[in-house]
Amino acid sequence: MNETIRTLHSLHTTHGHFSGEEVPDRDVEAILHACVCAASASARQSYSVIVVDDKAAMREYFDYTGSKALLFCVDFTRLTDTADYLQHPYACGGLQDFITGSTDTILAAQTAAVAAASLGRV
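Sequential numbering of the sequence shown, starting at 39, is according to the numbering used here.
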């Protein structure tokens, strides 16, 4: 079995039982870079990733704290702003865009989980 398969097999769900170990910025950057490399419909990358490192905000919004949290959001802002800038019509909305955007976001989050596990952060 190769290292990638071992990493995938090591994935598990964690609910609030995180180590107190600080995640270095270089690991966060590596994880975020991996997210951008995730598959997405037509390379649209219709999501945003917000890095949360405020412990009070984590407790309020996630009901746990850790070194860092990554919040994945379906986000069409970049696409609509780019279309406006290029003067191309683009209207997102409807079920198909929602499903496609959600799938892109889920793929980015899954890629982040694999990247984090490969760095020993999960």
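Using N, Cα and C, we set each Cβ at its ideal position, and we do this for glycine too.
CA-to-CA, the gap between A154 and T141 works out to about 20 Å. Partner residues in the beta bridge of V90, as assigned by DSSP, are A107.
Annotation for G131: no alpha helix (DSSP H) segment contains it, and DSSP assigns it neither H nor E. Taking A107 as reference, the option from Y128, F56, L124, G131 with the minimal CA-CA separation is F56. Annotated as proximal: C130 and F114, with beta-carbon spacing under 8 Å.
By the CB criterion at 8 Å, Y102 and G139 fall outside the cutoff. Residue range 41-48 is occupied by the alpha helix (DSSP H) that includes T42. In this structure, the straight-line span from the alpha carbon of Q148 to that of C75 is close to 12 Å.
Taken through DSSP and simplified to helix, strand or coil, V112 comes out as strand. Around the beta carbon of S78, a 10 Å sphere encloses 16 or more other beta carbons of the protein chains shown; the residue is thus reported as buried.
The C-alpha of E67 lies about 14 Å from the C-alpha of S156.
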